[in-house]
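Working notes, beginning with the structure itself.
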Amino acid sequence: SLGQRGGIKQGRKRAVCRGRGAAQSYVGRIFVASASFDRAACKVDPKYLKSPIQRGDRVKSRLTN
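For the sequence shown, position 26 matches number 45 in my numbering, and the numbering has no gaps at all.
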């Protein structure tokens, strides 16, 4: 449910994490294939996927591994 209004830009890479604070864990990396005002379509980079992406996972602007 994020798009350009949330700072998502086409062509950028983003980290996907699960949990919060000290319990947060890295899930994988996505590539923003397209972005409109309130939506974005992303592709999962299988090279960095540690766990299947699930509803509730968070997209982070910083790439961490």
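Glycine is no exception: its CB is placed at the ideal position from the N, C-alpha and C atoms.
These numbers come from a predicted model, not from an experiment.
Legend entry - Assigned exposure category for residue 26 - 16 Cβ within 10 Å defines buried: exposed
Legend entry - residue 31 in three-state terms, based on DSSP: coil
Legend entry - Endpoints, beta strand (DSSP E) assigned at residue 58: Premise fails: residue 58 is in no beta strand (DSSP E) and is neither H nor E.
Legend entry - the ligand FMN heavy atom lying under 7 angstroms from the CB of residue 71: The ligand FMN is not part of the structure shown, which contains no ligands of any sort.
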